[in-house]
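*Asks:* Below: one structure in structure tokens.
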Amino acid sequence: MDEIFNILSSTARIDKSRRKKKAKQRELTAPQAQRTNITSSEDAAEDFKNTITPKEDLSNSTKNHSAAKQKQIHHEEIAAFRNRVGIYLNQSNKHDLTIPDPIASFGEMANPPWWKEEGSSKKSTFQLLASAFIRNIERGRWINPTPIQMQGIPSLLARRDVLGCAPTGSGKSGAFIIPTLFLSSVSEDIFYNRIRNGDANQKEDQSKKGKKNNKKKKLKGSNGVAESSSQNKIRALFLAPSRELASQLHREVERLGEGKMHGLRAALLSKTNAATICSNSTSSSSAGLDVLVTTPLRLVECLKDDTDKKLDLGSVRIVVLDEADRLLDASDGKTGKGDAAPQSGSAFAMTFLEQIDTILSHIPETAVRALFSATIGSSVRHLAESILRNQVDVSTGMKCGNSTVAGVNDNISQELMFVGKEEGKLLAIRQIIAKGISPPVIIFMQSKDRAQALFMELLYDNVHVDVIHAGKSQAARDAAVSRFRKGDTWVLICTDLCARGMDFKAVNMVINYDLPTSGVTYVHRIGRCGRGGRKGESITLFTEADFEHLRTIANVMKHSGCDIPEWMLNVNLGKGMRSKSRIPIKRHTVDTSSSYGKRKKRNKRQAMETTEKKKRIVDSNN
Numbered sequence: 001m002d003e004i005f006n007i008l009s010s011t012a013r014i015d016k017s018r019r020k021k022k023a024k025q026r027e028l029t030a031p032q033a034q035r036t037n038i039t040s041s042e043d044a045a046e047d048f049k050n051t052i053t054p055k056e057d058l059s060n061s062t063k064n065h066s067a068a069k070q071k072q073i074h075h076e077e078i079a080a081f082r083n084r085v086g087i088y089l090n091q092s093n094k095h096d097l098t099i100p101d102p103i104a105s106f107g108e109m110a111n112p113p114w115w116k117e118e119g120s121s122k123k124s125t126f127q128l129l130a131s132a133f134i135r136n137i138e139r140g141r142w143i144n145p146t147p148i149q150m151q152g153i154p155s156l157l158a159r160r161d162v163l164g165c166a167p168t169g170s171g172k173s174g175a176f177i178i179p180t181l182f183l184s185s186v187s188e189d190i191f192y193n194r195i196r197n198g199d200a201n202q203k204e205d206q207s208k209k210g211k212k213n214n215k216k217k218k219l220k221g222s223n224g225v226a227e228s229s230s231q232n233k234i235r236a237l238f239l240a241p242s243r244e245l246a247s248q249l250h251r252e253v254e255r256l257g258e259g260k261m262h263g264l265r266a267a268l269l270s271k272t273n274a275a276t277i278c279s280n281s282t283s284s285s286s287a288g289l290d291v292l293v294t295t296p297l298r299l300v301e302c303l304k305d306d307t308d309k310k311l312d313l314g315s316v317r318i319v320v321l322d323e324a325d326r327l328l329d330a331s332d333g334k335t336g337k338g339d340a341a342p343q344s345g346s347a348f349a350m351t352f353l354e355q356i357d358t359i360l361s362h363i364p365e366t367a368v369r370a371l372f373s374a375t376i377g378s379s380v381r382h383l384a385e386s387i388l389r390n391q392v393d394v395s396t397g398m399k400c401g402n403s404t405v406a407g408v409n410d411n412i413s414q415e416l417m418f419v420g421k422e423e424g425k426l427l428a429i430r431q432i433i434a435k436g437i438s439p440p441v442i443i444f445m446q447s448k449d450r451a452q453a454l455f456m457e458l459l460y461d462n463v464h465v466d467v468i469h470a471g472k473s474q475a476a477r478d479a480a481v482s483r484f485r486k487g488d489t490w491v492l493i494c495t496d497l498c499a500r501g502m503d504f505k506a507v508n509m510v511i512n513y514d515l516p517t518s519g520v521t522y523v524h525r526i527g528r529c530g531r532g533g534r535k536g537e538s539i540t541l542f543t544e545a546d547f548e549h550l551r552t553i554a555n556v557m558k559h560s561g562c563d564i565p566e567w568m569l570n571v572n573l574g575k576g577m578r579s580k581s582r583i584p585i586k587r588h589t590v591d592t593s594s595s596y597g598k599r600k601k602r603n604k605r606q607a608m609e610t611t612e613k614k615k616r617i618v619d620s621n622n
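Okay, here's the thing in structure tokens:
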């Protein structure tokens with residue numbers, strides 16, 4: 001009992017000492033009114049105010065801290081979402097909090113802060129446009145946006161320049177077509193913030209005079225689409241390296257923009273309609289174009305000063321370079337007619353880079369600029385940074401320092417097949433077909449002559465085959481592409497003309513008959529299959545003569561997850577071969593004849609020509 005009593009007594013003493021300490025602290029922090037005599041009620045009120053002010057400041061500080069904390073948590077969640085879906089921002093954008101959040105569904109597309117509308121309509125212009133576009137998206141069986149679309153669409157809607165790098169078949173076209181349709185459809189007043197930042201005095205005068213009709217007329221674009229006489233220009237421009245890709249982009253624009261308010265006005269610039277489009281771009285009575293799709297060469301021809309009616313690009317709001325690495329290639333793009341050398345200074349003598357530079361000089365500084373491709377190297381990135389301003393640099397897919405490897409689609413199985421010599425390639429193709437193929441199939445060749453030769457060989461094998469190359473007329477190329485899309489053609493033989501951007505649905509196999517000379521070309525070739533989430537297969541044939549290019553392709557395959565023999569990765573390029581790595585190999589004709597058979601046939605042909613020559617000499621003497 002004594003022990004229990006001692007414990008309780010000590011506890012009571014501890015509690016008593018604690019109460020004394022708390023009372024002393026309250027006395028020290030008590031208001032002045034409690035510790036001194038208050039002389040008046042005003043002094044008491046002032047003292048009371050001083051006691052509660054610190055408490056209110058503490059509350060505000062807590063609220064501010066809470067808001068900052070919530071913002072930090074939000075950015076952390078967005079960063080985690082980007083990592084989860086495979087969206088990677090460049091190092092320069094890592095801490096840029098102004099970059100729009102990615103969307104997880106097409107229904108999350110929302111009007112950006114600059115899109116300010118006036119009026120009391122139930123649905124805004126943005127909502128009406130979004131309803132039409134989402135309906136077309138669902139018709140195309142696009143269930144959810146791809147990673148490049150998740151970040152690209154809100155970034156372009158916010159009028160930010162974009163540099164987008166994503167694997168082949170990952171929906172890059174949709175990432176810029178959808179926001180472009182919004183930007184080209186909104187009225188000039190809203191797009192250029194004229195309503196929000198207009199002359200306040202003028203608005204005040206109008207309200208005083210009661211000119212409601214004039215005011216409504218001025219604000220018609222607030223809840224309507226661009227349709228006034230000031231909207232008679234070209235509002236969006238898409239550039240593609242080939243007419244086939246430009247034609248495909250034009251079809252996709254028309255599909256996604258179908259049913260838009262006041263209709264969609266889109267055109268593919270060609271030789272037949274160039275004069276009409278140039279005339280309409282300078283006419284005040286024309287409704288203008290929402291989107292103009294073209295190749296750089298065709299557009300440069302319309303921008304020349306010596307043309308009768310020069311194309312006006314002064315109202316372009318957004319310009320997009322599809323397959324930007326090709327369009328910014330300083331060594332590509334030169335085109336001549338036939339064997340004649342192009343005239344110096346003409347559009348045909350210009351590289352793609354020179355053509356793009358000419359076009360951008362006619363684009364307003366206020367225009368949004370976007371570059372998209374599956375492969376963006378360091379040199380192209382350096383050029384892109386000189387074109388873009390405060391850009392959102394986004395890449396998706398494989399997180400790899402090599403942009404070429406990052407462009408490989410994960411849905412494509414890759415295989416290298418050694419065939420010995422050149423004549424072994426045709427035998428390998430026939431064996432692949434004999435084993436059974438699942439059409440459609442694309443075969444890539446090095447040149448148009450070789451493509452035509454393989455076409456003739458397979459045509460005699462009763463294969464549903466067609467060929468497309470630069471040697472064919474535009475009408476013949478369009479017809480070949482149309483037959484392949486419909487399924488009438490099972491095997492399409494082509495050159496690198498179709499290697500970039502062409503979206504053939506459900507291509508199951510790509511065969512590289514001739515080994516590509518660069519990893520970039522390889523990535524774009526095999527990217528014609530495995531699109532839209534489907535599986536694809538690529539087979540690359542190579543001979544003894546291809547060893548100088550083999551290591552480049554093997555490295556791309558190795559870094560994309562393929563099992564590659566070690567000897568392929570260690571092939572010695574030889575002295576001076578690295579600088580010549582992009583030069584195509586001189587190959588023999590496409591046939592299965594042996595070297596002895598070819599030599600015998602050649603000797604026989606030469607003997608016959610000699611006999612004919614001697615016979616003509618004898619006949620002339622007689």
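For the sequence shown, position 223 matches number 223 in full-length UniProt numbering, and the numbering has no gaps at all. Built from N, CA and C at the ideal position, the CB exists for glycine as well. Note that the structure is a prediction, hence the values are computed from the model and not measured.
Classify Val-618 as buried or exposed, calling it buried when 16 or more other Cβ atoms lie within 10 Å of its own Cβ.
*Replies:* Along the sequence shown, read from residue 1 onward, the residue named residue 618 stands at position 618. Exposed, by the Cβ-count rule.
*Asks:* Considering only C-alpha positions, which residue in the set Thr-611, Val-293 and Ser-105 is nearest to Glu-254?
*Replies:* Position 254 of the sequence shown, counted from the first residue, corresponds to residue 254. Ranking Thr-611, Val-293 and Ser-105 by Cα distance to Glu-254 puts Val-293 first.
*Asks:* For Arg-605, collect the residues of the same chain with a Cβ closer than 7 Å to its Cβ; drop the 5 residues on either side in sequence, then sort them by chain order.
*Replies:* Translated into positions along the sequence shown, residue 605 becomes position 605. Same-chain partners within the cutoff: there are none.
*Asks:* Measuring only the C-alpha atoms, how far is His-75 from Phe-81?
*Replies:* Residue mapping note: residue 75 aligns to position 75 of the sequence shown, counting from 1. Residue mapping note: residue 81 aligns to position 81 of the sequence shown, counting from 1. Approximately 10 Å between the Cα atoms of the pair.
*Asks:* Which whole runs of the beta strand (DSSP E) in the UniProt domain "Helicase C-terminal" (428-572) are 3 residues long or more, in chain order?
*Replies:* If we require 3 residues or more, the beta strand (DSSP E) runs fully inside the UniProt domain "Helicase C-terminal" (428-572) come out as 441-444, 465-468, 491-494, 509-512 and 536-542.
*Asks:* Please state the DSSP three-state secondary structure of Val-590.
*Replies:* Here residue 590 refers to the residue found at position 590 of the sequence shown. In this structure, Val-590 counts as coil in the three-state DSSP scheme.
*Asks:* Comparing C-alpha positions only, which one of His-250, Ile-493, Glu-301 and Leu-297 sits nearest to Val-291?
*Replies:* As a working note, residue 291 is residue 291 in the sequence shown. The option with the nearest alpha carbon to Val-291 is His-250.
*Asks:* Helix, strand or coil: how does DSSP classify Ser-66 here?
*Replies:* If you number the sequence shown from 1, residue 66 lands on position 66. Ser-66 falls in the helix class under three-state DSSP.
*Asks:* Can you find the residues in the same chain that come closer than 6 Å, C-beta to C-beta, to Val-319, ignoring five residues on each side of it along the sequence?
*Replies:* Taking the sequence shown and counting its residues from 1, the one referred to as residue 319 is at position 319. These residues qualify, in order along the chain: Leu-237, Ile-363, Ala-367 and Arg-369.
*Asks:* Could you say which of Gly-536, Glu-258 and Leu-328 lies nearest to Leu-129 if we only look at CA atoms?
*Replies:* On the sequence shown, position 129 is the one that residue 129 refers to. Closest by alpha carbon: Glu-258.
*Asks:* Below 6 Å CB to CB, which residues in the same chain sit around Asp-329 once its five sequence neighbours on both sides are set aside?
*Replies:* By one-based count along the sequence shown, residue 329 stands at place 329. Only Phe-352 meet the Cβ criterion.
*Asks:* Could you work out which residue in Tyr-522, Val-463 and Ala-475 is closest to Pro-490 when comparing CA atoms only?
*Replies:* Numbered from its first residue, the sequence shown carries residue 490 at position 490. Per the sequence shown, the amino acid found at residue 490 is Trp instead of Pro. Per the Cα distances, Val-463.
*Asks:* So for Asp-161, helix, strand or coil by DSSP?
*Replies:* Taking the sequence shown and counting its residues from 1, the one referred to as residue 161 is at position 161. It is coil, neither helix nor strand.
*Asks:* Would the stretch 502-512 count as touching the stretch 531-546 if we require 3 or more Cβ pairs under 8 Å?
*Replies:* Judged by Cβ distances under 8 Å, the stretch 502-512 makes contact with the stretch 531-546, as three or more pairs qualify.
*Asks:* Confirm, please, whether the CB-CB distance from Pro-440 to Asn-508 is below 8 Å.
*Replies:* For this step, residue 508 is matched to residue 508 along the sequence shown. For this step, residue 440 is matched to residue 440 along the sequence shown. Their beta carbons are under 8 Å apart, which means Asn-508 touches Pro-440 by this criterion.
*Asks:* Determine whether the beta carbon atoms of Ile-468 and Leu-497 lie at a separation below 8 Å.
*Replies:* The sequence position of residue 468 within the sequence shown is 468, counting from 1. The sequence position of residue 497 within the sequence shown is 497, counting from 1. Closer than 8 Å, so yes.
*Asks:* Would DSSP call Gln-414 helix, strand or coil?
*Replies:* The residue given as residue 414 occupies position 414 in the sequence shown. Strand at Gln-414.
*Asks:* List the residues that DSSP assigns as beta-bridge partners of Thr-375.
*Replies:* In the sequence shown, the residue the question calls residue 375 occupies position 375. Answer is none; Thr-375 lacks a bridge partner.
*Asks:* Would a C-beta distance cut-off of 8 Å place Ile-148 and Gly-171 closer than the cut-off?
*Replies:* Reading the sequence shown from its first residue, position 148 is the one you call residue 148. Reading the sequence shown from its first residue, position 171 is the one you call residue 171. Yes, these two residues count as a Cβ contact at 8 Å.
*Asks:* What did DSSP end up calling Thr-611 once you bin it into helix, strand or coil?
*Replies:* As a first step, residue 611 is located in the sequence shown; it is residue number 611 there, counting from the start. Helix, per DSSP.
*Asks:* Suppose you measure from the CA of Ala-166 to the CA of Ser-379; what does that come to, to the nearest Å?
*Replies:* For the purposes of this step, residue 166 is taken as the residue at position 166 of the sequence shown. For the purposes of this step, residue 379 is taken as the residue at position 379 of the sequence shown. Their Cα atoms are separated by approximately 17 Å.
*Asks:* So, under 8 Å CB-CB, Thr-180 and Pro-241 are touching, yes? Tell me the CB distance rounded to an integer number of Å.
*Replies:* If you number the sequence shown from 1, residue 180 lands on position 180. If you number the sequence shown from 1, residue 241 lands on position 241. Not confirmed; about 19 Å, so no contact.
*Asks:* Let's test the definition: count the other Cβ atoms within 10 Å of the Cβ of Trp-567 and tell me whether it reaches 16, buried, or not, exposed.
*Replies:* Along the sequence shown, one-based indexing puts residue 567 at 567. Looking at its Cβ environment, which holds fewer than 16 other Cβ atoms inside 10 Å, Trp-567 is exposed.
*Asks:* Let me check one thing: in DSSP terms, what residues is Arg-369 bridge-paired to?
*Replies:* For the purposes of this step, residue 369 is identified with residue 369 of the sequence shown, where counting begins at 1. DSSP lists Val-319 as partners of Arg-369.
*Asks:* Restricting to Cα atoms, I'd like to know which of Gly-487, Gly-519, Phe-176 and Asp-393 is closest to Glu-252.
*Replies:* For the purposes of this step, residue 252 is taken as the residue at position 252 of the sequence shown. Here the closest residue by C-alpha is Phe-176.
*Asks:* Buried or exposed for Ala-561, please, with buried defined as at least 16 other CB atoms from any protein chain shown within 10 angstroms of its CB.
*Replies:* Locating residue 561 in the sequence shown gives position 561, counting from the first residue. Looking at the sequence shown, residue 561 is not Ala but Gly. The residue is exposed, with fewer than 16 neighbouring Cβ atoms inside 10 Å.
*Asks:* Where does Met-502 land, buried or exposed, given buried means 16+ other C-beta within 10 angstroms?
*Replies:* Position 502 of the sequence shown, counting from 1, holds the residue named residue 502. Met-502 comes out buried.
*Asks:* Among residues of its own chain, excluding the 5 on either side of Gln-151, which ones have a beta-carbon nearer than 6 Å to its beta-carbon?
*Replies:* Counting from one through the sequence shown, the residue named residue 151 turns up at place 151. Taken in chain order, the residues that qualify are Ile-87, Pro-102 and Val-394.
*Asks:* In terms of residues, what are the limits of the beta strand (DSSP E) holding Ser-395?
*Replies:* Locating residue 395 in the sequence shown gives position 395, counting from the first residue. Per DSSP, Ser-395 belongs to the beta strand (DSSP E) from 392-396.
*Asks:* On the three-state DSSP scale, how would you describe Lys-217?
*Replies:* Your numbering for residue 217 matches position 217 in the sequence shown. With a pLDDT of only 37 at Lys-217, under the threshold of 50, the placement of this residue in the model should not be trusted, and no figure is reported.
*Asks:* In whole angstroms, what is the alpha-carbon distance linking Met-417 and Ser-386?
*Replies:* Mapped onto the sequence shown, residue 417 falls at position 417. Mapped onto the sequence shown, residue 386 falls at position 386. One C-alpha to the other measures close to 42 Å.
*Asks:* Below 8 Å on the Cβ atoms is my contact criterion, and I expect Lys-260 with Ala-132 to pass it. Report the Cβ-Cβ distance as a whole number of Å.
*Replies:* By one-based count along the sequence shown, residue 260 stands at place 260. By one-based count along the sequence shown, residue 132 stands at place 132. Right, their Cβ atoms sit about 5 Å apart.
*Asks:* Taking only the alpha-carbon atoms, compute the straight-line gap between Ala-349 and Pro-112 and give it to the nearest angstrom.
*Replies:* Looking up residue 349 in the sequence shown gives position 349. Looking up residue 112 in the sequence shown gives position 112. So the alpha carbons of these two residues sit roughly 42 Å apart.
*Asks:* On the criterion of 16 or more Cβ atoms from any shown chain inside 10 Å, does Thr-396 qualify as buried, or is it exposed?
*Replies:* Along the sequence shown, one-based indexing puts residue 396 at 396. By the neighbour-count rule (16 or more Cβ atoms within 10 Å), Thr-396 is buried.
*Asks:* If we ignore side chains and look at the alpha-carbon of each, how far apart do Arg-139 and Gly-487 end up?
*Replies:* The residue given as residue 139 occupies position 139 in the sequence shown. The residue given as residue 487 occupies position 487 in the sequence shown. Those two C-alpha atoms are separated by around 21 Å.
*Asks:* In angstroms, rounded to a whole number, what distance separates the CA positions of Gly-519 and Lys-613?
*Replies:* Translated into positions along the sequence shown, residue 519 becomes position 519. Translated into positions along the sequence shown, residue 613 becomes position 613. Looking at the two C-alpha atoms, the distance is approximately 49 Å.
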